[in-house]
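Numbering (my numbering), first residue to last: 174 to 269. Glycine included, each C-beta is placed from N, C-alpha and C at the ideal position. In this text, all values refer to a predicted model and were calculated from it rather than measured experimentally. Working notes for the structure below.
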Amino acid sequence: MSVIIKPIVTEKLTKDGEVFNRFGFIVEKTANKVQIKKAVEAAFGITVVAVRTMNYRADRSVKYTKSGLISGKTNAYKKAVVQVKEGESIDFYTNI
């Protein structure tokens with residue numbers, strides 16, 4: 174099973190990619206920084222300088238509607254922000 178689930182493409186991370194060479198990924202909850210670094214280097218053929226990880230919890234919400242209470246939640250996930258070596262880049266928009 175792969176450590177990297179999918180890349181995160183937002184305005185903020187796109188700007189970080191252009192300015193600071195940082196790229197975001199949603200990764201497995203059990204993956205550590207060393208595993209994330211090896212997976213990104215193997216998948217994209219680049220050199221990783223730093224890895225920062227964040228765990229996001231599931232947000233629960235309750236909505237009051239005509240038909241009664243509706244409860245829901247968002248999924249919990251782990252996000253990794255990877256900084257690559259100066260001069261290297263990852264292009265998410267081309268199919269290789």
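- Message: Nearest by alpha-carbon distance to M227: which of T183, A253, G260, K188 is it?
- Response: A253
query = Which stretch, first to last residue, makes up the beta strand (DSSP E) that contains K202?
reply = Careful: K202 lies outside any beta strand (DSSP E) and carries neither H nor E.
Note down the Cα distance separating S240 from F193, rounded to an integer number of angstroms. 49 angstroms
Secondary structure of F217, DSSP reduced to three states:
helix
Report the option in V176, Q256, V182 whose CA atom is closest to the CA atom of A223. Q256
*Just checking, does the region 199-206 make contact with the region 183-190 on the three C-beta pairs under 8 angstroms criterion?*
no
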